[in-house]
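Peer 1: Residue numbers (my numbering), protein chains in the order written: chain F, 161 to 857; chain G, 161 to 857.
Beta carbons: idealized from backbone N, C-alpha and C, even for Gly.
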């Protein structure tokens, strides 16, 4: 166990953290000072004494990861970044929570260098930390599976600071259960148990035994109680020992329950909800500074000796990084092929020939897009070793299993259906959709691999907070959402999406992709992988759909367009007879076939209908105005959208004269053909809507 | 402890349940036979031997409540309803999962008489059962607080059957933690631990110790292991003893872990995932029937003696009901005022004078709508004793506290900020938004009281699965969602709603209500309470807003319309100068003031703008065509929507020539005035949009 060097200058630095936190919140007039103050020793210990990080290179893949699950205490991270030389300076702290600053209210990935993940919505950080630990094990399995534990350049720790709110959120429970199951020895969470939240003493709503609960999840649990003597004694050595002990527990994730007094040593507001989410006030801060022997007249006053001491973290980190570089070089020498794989992954590139590996589906045979997706996933997996994923207990329904892979679980959890391997590539999330979303975020943010996770589209609702965070972070997680309409049939309205496609499209920077047939499914997957930017959800049918016979390019005459056009988001699948459309059908997924049928019926009546397949409105929106005009010419105002869900999002596309064939109410339990008939999701309805739209011109 | 009478006819009845379950799934070709088969003894025990229910009256308020959290095993409930004489007959079982039947894929509240709650999305049933138990205690406190435990007509039990999926979902963890905290002695959950889910053996993803975990939540936990002898022995007496013991535990909720073999005694598919979600197949069913000594040639074959025996449940239930009626009469005699309250609550009526009790906000002083809501809640609470609620740890921010009330927690959990009382009316959900949603559903479905729960609008995402279920069930839960736009300011994009209003409006049968000022807030609350149909979310501002000076009726000349118009969903707040609008602004909430300002600016330029305040598009949609035309005349095509969120839902309202002043990207951390300026949520932008729209005509 490493000895802790802790001198008076360290204590001074920790106290500096406290007064900076109080000063920063005071200056802007709002924020969360209390936790940043009482967490000062723990955060300082991690950043200055424990973690292997290089402040001058936030992209170093060998770094220990740090996740501030108590995102509201963003100062905890910003002040360590300032002290440790991560690129933040005093003026950044002075600009806390103001427009354009590097120090927003909550830590934002991609905004402030060094932040591993955006946190704030409680539970997400801790849940995603499980994904970071998943990713590190999977990456090790890809690149250095035979190294002895702790000896690989791909071994590192994942540290989390969590709070009472994290412990209460359900997503934490789901993810913590998986973490214990997965025996994630490199995951170490410090739970700041200060027993204060916004409604003050947490006894009013939270009296469970967290210690016992995490033992039930099969975590290693330690308690560091700084209140145990009756006095408040910040025994940093005790915490350090606990962390070092946790590092030695290699077959379980570790929870260190750290009992603190929020806002200590604020003279009158310590230990109360008053210090949680409000500025302390001048007098209180003066009292704090006097207690800590700081000048109460000064703000943002940092002793140069403190900064000199703490900025040594840069040199130390660079030295660790250099040492690691040598370790990596030895590995690279011995593993040239794996080194090439790592280089490709780091470059964010796909292997050559990926497109050639895609299955081609012959027209004539009906295939559900979920079945097509299952084939595509397996084809991609053959050439893309960093591609892995699974389902929230719906593998058979989502068809998300890489058949050649083993399951990513400890070998002892093999069942008669699944073969477990700690380096497996088939994920089993159990019935925990929200944790799946959060864990996928962690995997993506850890870097280098390409994960996916499946459930029914309806249960995107359970994942939504994690999906939104992925979009906010532009994190390329992929969700496989099957059973994408009432056509799932007999399970009825609790399982039938109606508003989900629209509600997901509503999220900024998120791509909904709903392919119309098997070949669109292949190119949807390819495009998602090629884009490598932001999350995407692929919505897939349960029911079989015709595989369209297509040409190699754009639609002309009676030749349907190539499925490669999926990348453009929307395209002319079938041109209007004669080439000039009277009316345009715009449809997605399983409803494109209705548009194709309606086109034929209308042709018989002398009405020329174009069919636009629109697998992704977001991708279409990115295209040039010229392209968009070519697909949906402004002059053609007779338009009909067809989608087995609400019309809400289509009104702006079809316009005043347009019509939507849609479903505006909850579903019902019956076979899907009956439902489509009863709910007017039919060729007749599409034809009638087209005529109605033409009549409205 | 009551003795169990269990005769050979009971065993025969239980076996009948199994073959009916297998037959019903086989007939339709899909469904979930396995759990219904192995749960047959437990369900039969509850319905025939344990619960106090009257099959002929599903509205009896003294009934024990039954919640089938494993909703996919709907046959578990339907077959007991058939056997027990609840109104289902054999032909209903034969019509399982078909259009229009009383036996849809998952149990649906309001569709099949006797179903207490719609279940299917896992975790929701068990989580909502906590709400049922909350409601029963609160109701007792309102009506019969001084009765000794177990002696009140308002004492009853809440029984739940839950499964492995329920145990994995995070919402269960949140709700279970609250249930233990609340010491809900009348809540008894049987956990069907069959260790099989869709991905087969749950060891692949679920190896936590549920027993220990529920002890950590402070539940009473018992294990009934029918596999303990090495043989599978359905020891019904042992389960009955456990239930009776659980009934005696009055200070903790009870979990009975029942270890079963799924689909027992199906010859080859018992204990496997194959029996979970698919028809068993003819041969398997024949084998099952032979094993149980049923005729393998016959389907839906019920021995009349079995039905005669089980239908005695009707008489028994009626006798219990009659006895309870006498108990109620004694109570009513002694408590005439409380009886009048009960009668009013049962009639779904509000007290007279509720409207008079609403606070009136004087123009001239700025008030946030959350602050107004806080005052309104307290004013309503004075005259509506069944009105109760609280927050998910944001009481100070949501302003959801009934100041005259105590906190609904056991007295021992009082803190220095809150005074606890088991019959209190202030709810504390902790940082558990999803459980809050599910618990509110349970409270509403239990009946008679009017609950509300608050959090930030952004965290409606965390609650969404429960909110959707409320809408599907038309359950009148009320959500208080404050901090309803980027104007919440410094907390930044993780906390700032952008797409939430639209995503919530997308849910069928759900009302989003976003009042424009303090007086609209009062009438929004009144309307929500008066409608008593379906859930509603009231979106409220953090920032102060002007209180408009208004007249008593419709808008005329320069007189603004009365806030009573809120009930119509949208109304003309300010008529266009001169009376004939050139352009119409349609705005909600805090953006209505921008419309009012823009109207003034445009007046100076000779453009006549009408301002429509649209607190609820759903309520507006219910109005007559005449009324809608009077507010938004078709002839006026220059229209501008103003809402600090995405335009997606507004395009259909403003039309082709219309424009939307909106925010199409995630927010940022800064003060709200800066954000509104930077994001174009300004009077200037509204004026420009109006001119743009006029130019597009």
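1) Out of F:755, F:248, F:333 and F:462, point me to the one whose CA is closest to residue 592 of chain F's CA.
2) Which stretch, first to last residue, makes up the beta strand (DSSP E) that contains residue 419 of chain G?
3) Answer with yes or no whether the minimum CB distance from residue 266 of chain F to chain G is below 7 Å.
4) Look at the alpha carbon of residue 115 of chain F and the alpha carbon of residue 800 of chain F, and state the distance between them as a whole number of angstroms.
5) Out of G:610, G:604 and G:527, which one is the CA nearest neighbour of residue 547 of chain G?
6) What are the start and end residues of the alpha helix (DSSP H) that includes residue 373 of chain G?
7) Closer than 6 Å by C-beta to residue 821 of chain G: which residues in its own chain qualify, once you throw out the five before and the five after it? Chain order, please.
8) Starting from residue 377 of chain G, find everything on chain F with Cβ-Cβ shorter than 7 Å and list it in chain order.
9) Between residue 555 of chain G and chain F, is the shortest Cβ-Cβ distance under 7 Å, so that the two count as touching?
10) Determine the chain F residues that contact residue 834 of chain G at a beta-carbon separation under 9 Å, and present them in chain order.
11) Please check if any C-beta of chain F sits within less than 7 Å of the C-beta of residue 651 of chain G.
12) Output the distance between the C-alpha atoms of residue 838 of chain F and residue 274 of chain F, rounded to the nearest integer angstrom.
13) What does the alpha-carbon distance come out to for the pair residue 658 of chain F and residue 806 of chain F?
14) For residue 638 of chain F, list the residues DSSP reports as bridge partners.
15) List the endpoints of the continuous alpha helix (DSSP H) containing residue 396 of chain G.
16) Could you give the distance in angstroms between the alpha-carbon of residue 815 of chain G and the alpha-carbon of residue 672 of chain F?
17) In chain F, which residues lie with their C-beta within 7 Å of the C-beta of residue 331 of chain G?
18) Using a Cβ cut-off of 7 Å (strictly closer), state whether residue 811 of chain F contacts chain G.
19) Applying the criterion that 16 or more other CB atoms from any shown protein chain within 10 Å of the CB defines a buried residue, is residue 617 of chain F buried or exposed?
20) Please check the pair residue 743 of chain G and residue 680 of chain G, which I expect to be a contact at CB under 8 Å, by giving their CB distance rounded to whole angstroms.
21) Which stretch, first to last residue, makes up the beta strand (DSSP E) that contains residue 621 of chain F?
22) Are the beta-carbon atoms of residue 344 of chain F and residue 293 of chain F separated by less than 7 Å?
23) Give the interface partners of residue 860 of chain F over in chain G, defined as CB-CB distance under 8 Å, in chain order.
24) In chain order, what residues of the same chain have a beta carbon less than 8 Å from the beta carbon of residue 565 of chain F, not counting five sequence neighbours either side?
25) Between which two residues does the beta strand (DSSP E) harbouring residue 549 of chain F extend?
26) If you follow the beta strand (DSSP E) that residue 228 of chain F is part of, which residue opens it and which one closes it?
27) Determine the contact status of residue 409 of chain G and residue 380 of chain G, defining contact as a CB-CB distance below 7 Å.
28) Tell me which same chain residues have a C-beta within less than 7 Å of the C-beta of residue 595 of chain F, skipping the five on either side of it?
29) Can you find a CB in chain G that lies within less than 7 Å of the CB of residue 226 of chain F?
30) Identify each residue in the region 185-205 of chain G for which the Cβ-Cβ distance to at least one residue of chain F is less than 8 Å, and report them in chain order.
31) Please report the distance separating the alpha-carbon of residue 717 of chain G from that of residue 796 of chain G.
32) Quick one: using the 10 Å Cβ neighbour count with 16 as the cut-off for buried, is residue 794 of chain G buried or exposed?
33) So which of F:352, F:221, F:841 and F:317 has the shortest CA-CA distance to residue 194 of chain F?
34) Rounded to whole angstroms, what is the Cα-Cα separation between residue 527 of chain G and residue 750 of chain G?
35) I'd like to confirm the pairing. Which residues does DSSP put opposite residue 716 of chain G in its beta bridges?
36) Measure how close the beta-carbons of residue 582 of chain F and residue 225 of chain F come, nearest whole angstrom, since I'm counting them as under 8 Å.
Peer 2: According to the structure shown:
1) F:333
2) 414-419
3) yes
4) With chain F covering only 161 through 857, there is no way to say anything about residue 115 of chain F.
5) G:610
6) 370-376
7) 802, 845, 846 and 849
8) 368
9) yes
10) 258 and 259
11) yes
12) 55 Å
13) 6 Å
14) F:612 and F:696
15) 396-408
16) 24 Å
17) 330
18) yes
19) buried
20) With 8 Å as the limit, residue 743 of chain G and residue 680 of chain G do not qualify as a contact, their Cβ atoms being about 22 Å apart.
21) Run containing residue 621 of chain F: none in the beta strand (DSSP E); it sits in the alpha helix (DSSP H), 620-633.
22) yes
23) Lying before the first or after the last residue shown, residue 860 of chain F is absent from chain F, which here runs from 161 to 857.
24) 541, 548, 584, 585 and 586
25) 547-551
26) 225-228
27) yes
28) 287, 331, 334, 335, 338 and 589
29) no
30) 188, 190 and 191
31) 19 Å
32) exposed
33) F:352
34) 11 Å
35) G:719
36) About 19 Å separates the two Cβ atoms, so there is no contact after all.
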